[in-house]
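Residue numbers for the sequence shown, in my numbering: 1 to 287.
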Amino acid sequence: MQQVSSFRNADEGRLYLVPTPIGNLDDMTFRAVKTLRDVDLIAAEDTRHTQQLLNHFDIHTPQISFHEHNTESRIPELMAKLRDGMQIAQCSDAGMPSISDPGKELVAAATAASIPVVPLPGPNAGLTALIASGLVPQPFYFFGFLERKHQQQAATLTTLKNRPETMIFYEAPHRLVKTLAVMTEVLGGERPVVIARELTKRYEEFTRGTLAEVHEYFKNHQIKGEFVIIVQGNEHPEEDNDNQQGTPMEQIDRAIADGLTTNAAIKLVAKQNGLNRQKLYKQYHHI
Numbered sequence: 001m002q003q004v005s006s007f008r009n010a011d012e013g014r015l016y017l018v019p020t021p022i023g024n025l026d027d028m029t030f031r032a033v034k035t036l037r038d039v040d041l042i043a044a045e046d047t048r049h050t051q052q053l054l055n056h057f058d059i060h061t062p063q064i065s066f067h068e069h070n071t072e073s074r075i076p077e078l079m080a081k082l083r084d085g086m087q088i089a090q091c092s093d094a095g096m097p098s099i100s101d102p103g104k105e106l107v108a109a110a111t112a113a114s115i116p117v118v119p120l121p122g123p124n125a126g127l128t129a130l131i132a133s134g135l136v137p138q139p140f141y142f143f144g145f146l147e148r149k150h151q152q153q154a155a156t157l158t159t160l161k162n163r164p165e166t167m168i169f170y171e172a173p174h175r176l177v178k179t180l181a182v183m184t185e186v187l188g189g190e191r192p193v194v195i196a197r198e199l200t201k202r203y204e205e206f207t208r209g210t211l212a213e214v215h216e217y218f219k220n221h222q223i224k225g226e227f228v229i230i231v232q233g234n235e236h237p238e239e240d241n242d243n244q245q246g247t248p249m250e251q252i253d254r255a256i257a258d259g260l261t262t263n264a265a266i267k268l269v270a271k272q273n274g275l276n277r278q279k280l281y282k283q284y285h286h287i
């Protein structure tokens, strides 16, 4: 058991998780601005992008890059600074750290070392889209970005098609039509869906309909911006669905048999069962 107070010791290092606007800079909170000003260092996904935010709010705190390609080398460096009492804020380009963005590995390292991790509330594209979707808001299942290849998408969606929860996906504009085509193929064209585009920005819009309808619409219209896909859960799941039955190892084997690569299968099973992906990878490969 571990219990860590966020603010009891003023001299100890802390990791602050600071959400940043997903589009509209007015969504930056007073506390987020104050935190970025007060900390000793900002660990940013893209220092150039974050610098624009800092300039807007007249913040002069130094930055260090922290993204998916330098995670292993940066964590020991950042952990050493935290142990020395440094106050560090971690932020991604937009939205919540760790949610389809860098952050979770540093949080895991800090919590393992009993270093306080202080989360700030703030913008999140998935929840922002969900509450305006008109679909059942809870329970919901957040997935994020699907794999890029058709076969892998189809295999993943097959494991999700019987989930009763409203499902949340992210997608890039150049892949939206292909992803909607696979969803229509696997989940069924009559499944209700809401597509949220350019959330909090000037051209924010919601497209509501069935998967077949919205797929046809976006096939014939210019696509720009960032997208959140909200899919209604299955109100009549098949009783013989066994995608999440058995041990995680058996689930991985089934996902591979359905067409996923080994790494994609491990990632999916880890996400579905709330497991550590790296640990599951080592278990599966007997490392």
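Quick reminder that beta carbons are idealized off the backbone N, C-alpha and C, glycines included.
Source: prediction; values computed, not measured.
Own chain residues within Cβ distance below 6 Å of aspartate 40, not counting five before or after: What you label residue 40 is simply residue 40 of the sequence shown in a count that begins at 1. Cβ within range, chain order: Met86, Gln87.
If you draw a straight line from the C-alpha of aspartate 11 to the C-alpha of valine 18, how long is it? Reading the sequence shown from its first residue, position 11 is the one you call residue 11. Reading the sequence shown from its first residue, position 18 is the one you call residue 18. Rounded to the nearest angstrom, the two C-alpha atoms are 20 Å apart.
Whose C-beta lies closer than 7 Å to the C-beta of leucine 176 among residues of the same chain, with five residues either side of it excluded? In the sequence shown, counting from the first residue as 1, residue 176 sits at position 176. Cβ neighbours of leucine 176 beyond the five flanking positions: Phe218, Ile223, Phe227.
With distance defined between alpha-carbon atoms, name the residue in Gly103, Tyr284, Asp84 nearest to arginine 14. Your numbering for residue 14 matches position 14 in the sequence shown. Nearest C-alpha to arginine 14: Asp84.
Would leucine 211 and glycine 189 qualify as a contact pair, given that the criterion is a beta-carbon distance under 8 Å? For this step, residue 211 is matched to residue 211 along the sequence shown. For this step, residue 189 is matched to residue 189 along the sequence shown. Yes.
Using 8 Å as the threshold, is the region 145 to 159 in touch with the region 33 to 53, meaning 3 or more CB pairs across them? Contact between the region 145 to 159 and the region 33 to 53 is absent, because fewer than three Cβ pairs lie under 8 Å.
Pull up the distance between the alpha-carbon of alanine 335 and that of glutamine 272, whole angstroms please. Here the chain has residues from 1 to 287 only, and residue 335 is not among them.
Could you say which of Glu204, Glu105, Phe30 lies nearest to phenylalanine 66 if we only look at CA atoms? The count along the sequence shown starts at 1 and reaches residue 66 at position 66. Comparing Cα positions, the closest option is Glu105.
Given this structure, state the Cα-to-Cα distance separating valine 269 from arginine 254, to the nearest angstrom. For the purposes of this step, residue 269 is identified with residue 269 of the sequence shown, where counting begins at 1. For the purposes of this step, residue 254 is identified with residue 254 of the sequence shown, where counting begins at 1. Roughly 10 Å separates the two Cα atoms.
Leucine 260 to histidine 60 span [Cα, whole Å]: Mapped onto the sequence shown, residue 260 falls at position 260. Mapped onto the sequence shown, residue 60 falls at position 60. Approximately 46 Å, taken between the alpha carbons.
When DSSP labels each residue in this structure, what does serine 65 get in the three-state scheme? Numbered from its first residue, the sequence shown carries residue 65 at position 65. It is a strand residue.
Tell me whether asparagine 124 is buried or exposed, calling it buried when 16 or more other Cβ atoms sit within 10 Å of its Cβ. Mapped onto the sequence shown, residue 124 falls at position 124. Asparagine 124 comes out buried.
Enclosing beta strand (DSSP E) for arginine 197 [first to last residue]: Taking the first residue of the sequence shown as position 1, residue 197 is located at position 197. Where arginine 197 is concerned, the enclosing beta strand (DSSP E) stretches over 192 to 197.
Of all the options Pro248, Val118, Phe57, which has the alpha carbon lying nearest to the alpha carbon of valine 4? Position 4 of the sequence shown, counted from the start, is the residue given in the question as residue 4. That would be Val118, whose Cα lies nearest to the Cα of valine 4.
Could you give the uninterrupted runs of the beta strand (DSSP E) lying entirely in the region 13 to 44, keeping only those of 3 residues or more? 14 to 17, 41 to 44
If contact is defined by three or more beta carbon pairs under 8 Å, each pair taking one atom from either stretch, is the region 87 to 96 in contact with the region 27 to 39? yes
Kindly indicate the opening and closing residues of the alpha helix (DSSP H) around valine 269. For the purposes of this step, residue 269 is identified with residue 269 of the sequence shown, where counting begins at 1. Looking at the DSSP string, the run of the alpha helix (DSSP H) that includes valine 269 is 262 to 273.
Nearest by alpha-carbon distance to asparagine 234: which of Asn162, Ala132, Gly274 is it? Counting from 1 along the sequence shown, the entry for residue 234 is found at position 234. Selection Asn162, Ala132, Gly274 evaluated against asparagine 234 yields Asn162 as nearest (Cα-Cα).
Can you tell me the Cα-Cα spacing of leucine 53 and alanine 32, whole angstroms? Here residue 53 corresponds to residue number 53 of the sequence shown, with the count starting at 1. Here residue 32 corresponds to residue number 32 of the sequence shown, with the count starting at 1. Computed Cα separation, rounded: 11 Å.
Give the secondary structure of methionine 237 by DSSP, where H, G and I count as helix, E and B as strand, and everything else as coil. As a working note, residue 237 is residue 237 in the sequence shown. With the sequence shown as reference, residue 237 is identified as proline, and methionine is not the correct amino acid for it. Coil at proline 237, not helix or strand.
Segment limits, alpha helix (DSSP H) that includes tyrosine 217: Counted from its first residue, the sequence shown places residue 217 at position 217. Run containing tyrosine 217: 211 to 219, per the alpha helix (DSSP H) assignment.
Taking the straight line between their C-alpha atoms, what separation do you get for serine 73 and lysine 267? Taking the sequence shown and counting its residues from 1, one reaches residue 73 at position 73. Taking the sequence shown and counting its residues from 1, one reaches residue 267 at position 267. Straight-line Cα distance between these residues: approximately 22 Å.
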